[in-house]
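To start, the structure itself, in structure tokens.
Residue numbers (full-length UniProt numbering): 1 to 279.
The following block contains the structure:
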């Protein structure tokens, strides 16, 4: 299935603008610059990241689409984080005499969302071993909502579907487990952070900075300023943005280790390793 012609033309126009920008801003400079020998990787990359990134045609559209995406995500995520409490309210309404059965059906859906939210909280804890205030509050709401909903059922002796009961129980049990794990964890998370913090430009400028750095690497190789085989070119190109300086001053064995572990874990990182660079 081919994309609409207007969308394809817009994407082609953006690519042409990026190539022209790279040719004018990166190629001319990189082909003439007097780089230190041996090459200081950090200085070369910093020169790319500090360059101007003027708006390209269509960049405003990209930002608007991204904003709409964030708003849509928030519309979905915010109710999910408090789904347990909303589910309790629906159970309280749905068990009143004469209430429509649709209230309890909607409560089942909300408790399903609560289970998804609690599982997301457990997944976050498993990855970071970190206490998130947002997820901890969501877990507490899930536990309270589940417990309060069961209290309503016991008090009213209402007959509800077994599916709703299972979802309420799953919400309460999983929420309690996740909350206990979060409260037992330190807010700062693991003492050692294995993934390098993000550096360099943000937003649509980031992809352009990566493309500019890739072009710089090609020119450095073409000028004979670095001696890299094809595999190492790929590894250097895949280094996180802003971390070429990690290759400076290393012997061959340590340099090889960094390149092999270029995505994570070649050393321990702290929040001080983050660097915003150009906004």
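Glycine residues also receive a C-beta, built at the ideal position from the N, C-alpha and C atoms.
Task: Neighbourhood of residue 37 by C-beta, 8 Å cutoff - its chain only, sequence neighbours within 5 removed - done: 225
Open item on the list: Considering just the uninterrupted stretch of the alpha helix (DSSP H) at residue 29, what are its terminal residues?
Closed with: 28 to 32
Task: Whole-number beta carbon distance between residue 196 and residue 273, since they are thought to touch under 8 Å - done: 6 Å
Task: Opening and closing residue of the alpha helix (DSSP H) in which residue 204 lies - done: Following the DSSP letters along the chain, one finds residue 204 inside the alpha helix (DSSP H) bounded by residues 204 to 222.
Open item on the list: According to DSSP, simplified to helix, strand and coil, what is residue 233?
Closed with: helix
Open item on the list: Out of 72, 259, 219, which one is the CA nearest neighbour of residue 44?
Closed with: 219
TODO: Following the continuous alpha helix (DSSP H) through residue 139, name the residue where it begins and the one where it ends.
DONE: In this chain, the alpha helix (DSSP H) harbouring residue 139 covers 133 to 156.
Task: Cβ pair residue 171, residue 146 closer than 9 Å - done: yes
- [ ] Enumerate in chain order the residues of its own chain whose CB-to-CB distance from residue 221 is below 8 Å, with the five nearest sequence positions on each side excluded.
- [x] 228, 233
Open item on the list: Less than 9 Å between the C-beta atoms of residue 194 and residue 111, yes or no?
Closed with: no
- [ ] Taking residue 127 as part of the alpha helix (DSSP H), name the residues at either end of that continuous run.
- [x] 102 to 128
TODO: Would you kindly report the start and end of the unbroken alpha helix (DSSP H) that includes residue 88?
DONE: 83 to 94
- [ ] Kindly indicate the opening and closing residues of the alpha helix (DSSP H) around residue 177.
- [x] 162 to 184
TODO: Have a look at residue 246 and residue 211 and give me their C-alpha separation to the nearest angstrom.
DONE: Those two C-alpha atoms are separated by around 20 Å.
TODO: Determine, using beta carbons only, whether residue 153 and residue 95 come nearer to each other than 9 Å.
DONE: Yes, these two residues count as a Cβ contact at 9 Å.
Open item on the list: Whole angstroms are fine: how far does the CA of residue 141 sit from the CA of residue 85?
Closed with: One C-alpha to the other measures close to 6 Å.
Open item on the list: Please report the distance separating the alpha-carbon of residue 126 from that of residue 161.
Closed with: 33 Å
Task: For residue 244: DSSP bridge partner residues - done: Beta-bridge analysis with DSSP links residue 244 to no other residue.
Open item on the list: Which residue wins for smallest C-alpha separation from residue 119, given the options 107, 108, 230, 136?
Closed with: 136
Task: Given residue 123 as reference, the closest of 178, 67, 42 once Cα atoms are compared - done: Out of 178, 67, 42, 178 has the C-alpha closest to the C-alpha of residue 123.
Open item on the list: Considering Cα atoms alone, identify which of 121, 150, 40 is closest to residue 92.
Closed with: 150
- [ ] For residue 139, count neighbouring Cβ atoms within 10 angstroms of its own Cβ and tell me buried if that reaches 16, exposed if not.
- [x] buried
Open item on the list: Using C-beta distances below 6 Å, list every residue in its chain close to residue 259, excluding the 5 sequence neighbours before and after it, in chain order.
Closed with: 235
Task: Same chain only: Cβ atoms within 7 Å of residue 99, ignoring 5 sequence neighbours per side - done: 93
Task: Buried versus exposed call for residue 115 [16 or more other C-beta atoms within 10 Å across all chains shown] - done: Burial is judged here by how many other beta carbons sit within 10 angstroms of a residue's own beta carbon; residue 115 has at least 16 and is buried.
Open item on the list: Would residue 168 and residue 87 be called neighbours here (beta carbons separated by less than 9 Å)?
Closed with: yes
Task: Nearest neighbour of residue 199, chosen from 40, 157, 130, 239 [CA to CA] - done: 239
Open item on the list: If you reduce the DSSP assignment to three classes, tell me which class residue 41 lands in.
Closed with: In the three-state DSSP reduction, residue 41 falls in the helix class (H, G or I).
TODO: Confirm, please, whether the CB-CB distance from residue 237 to residue 257 is below 9 Å.
DONE: no
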